[in-house]
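Protein chains in written order, with our numbering: chain A, 84 to 196; chain B, -15 to 98.
Here it is in structure tokens:
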């Protein structure tokens, strides 16, 4: 069974530029999550989708971050404009239902210069 | 709110040594508790879990017991191997519908010397 796919794996941009990340969850998984993992910290949930609806985006900085999951499968996370403090690994995860058994992708490491 | 505190790393041990990584939590009600592992270059994987007090989760020789009286979920392994080198995250999920997201600790990096 294929795992959660993410691209790109690495991205370097300058502050105030825009960036987008892509995630393809495990086939059949209705729930999709985006996490931000800053160096030395645990992952922090940014947004949770159930199919193509948002369940929780309470920790998403909505002035610069946006995410969508059209058709309830793939998802994109965008940052516009990026700040230095956005440097982190962005993890995508999916689950059949609920948060208990999440499967994580390898992450996208973003460096903002 | 809910939170998880785990011992800071890095932790360096020799092969076949006994491992303990401490984890304590703060939560209302009866959360579910988890240990995740992140091997170099890979995504997080669920290592083990426990969903109620006194439950013991186990996998790949690792164990952790849900202790409600001490609000702890310490990770243990009797004899570590070089292949156990990774970052370990303690995590919890709240018991109420309004607190169902997973909260992660800051992670503990474990290095095993041959």
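Beta carbons: idealized from backbone N, C-alpha and C, even for Gly.
Quick caveat, the model's predicted, so the values are computed rather than measured.
- Against chain B, the beta carbon of residue 137 of chain A has no neighbour under 9 Å; the closest one sits roughly 13 Å away.
- Secondary structure note for residue -3 of chain B: its beta strand (DSSP E) is the uninterrupted segment -5 to -2.
- Residue contact with chain A for residue 60 of chain B: absent (no Cβ-Cβ distance below 8 Å to any residue of chain A).
- Partner residues in the beta bridge of residue 171 of chain A, as assigned by DSSP, are A:193.
- Interface annotation, residue 128 of chain A: in contact with chain B, CB-CB separation under 8 Å.
- The secondary-structure analysis by DSSP pairs residue 41 of chain B across a beta bridge with B:48.
- A buried status is given to residue 34 of chain B, since no fewer than 16 other beta-carbon atoms sit within 10 Å of its beta-carbon.
- Taking 8 Å as the cut-off, the beta carbon of residue 46 of chain B is found closer than this to the beta carbon of residue 31 of chain B.
- Taking the CA atoms as reference points, residue 7 of chain B sits about 17 Å from residue 22 of chain B.
- Contact with chain B is found for residue 131 of chain A, since one of that chain's Cβ atoms lies less than 8 Å from the residue's Cβ.
- For residue 97 of chain A, the CB contacts under 6 Å within the same chain, skipping 5 residues up- and downstream, are 196 in chain order.
- Looking at B:17, B:-13, B:13, B:12, the one whose alpha-carbon comes closest to that of residue 59 of chain B is B:17.
- Among the CB atoms of chain B, one or more fall inside 8 Å of the CB of residue 174 of chain A.
- Residue 156 of chain A is outside the set of residues whose beta carbon lies under 8 Å from a beta carbon in chain B.
- By the Cβ criterion, the region 49 to 64 of chain B is in contact with the region -8 to 9 of chain B, since at least three pairs of Cβ atoms, one from each stretch, lie closer than 8 Å.
- Residues of the region 8 to 27 of chain B with a C-beta atom less than 9 Å from some C-beta of chain A are 16, 18, 20, 22, 25, 26, 27, listed in chain order.
- Residue 20 of chain B is positioned such that its CB atom lies closer than 8 Å to that of residue 73 of chain B.
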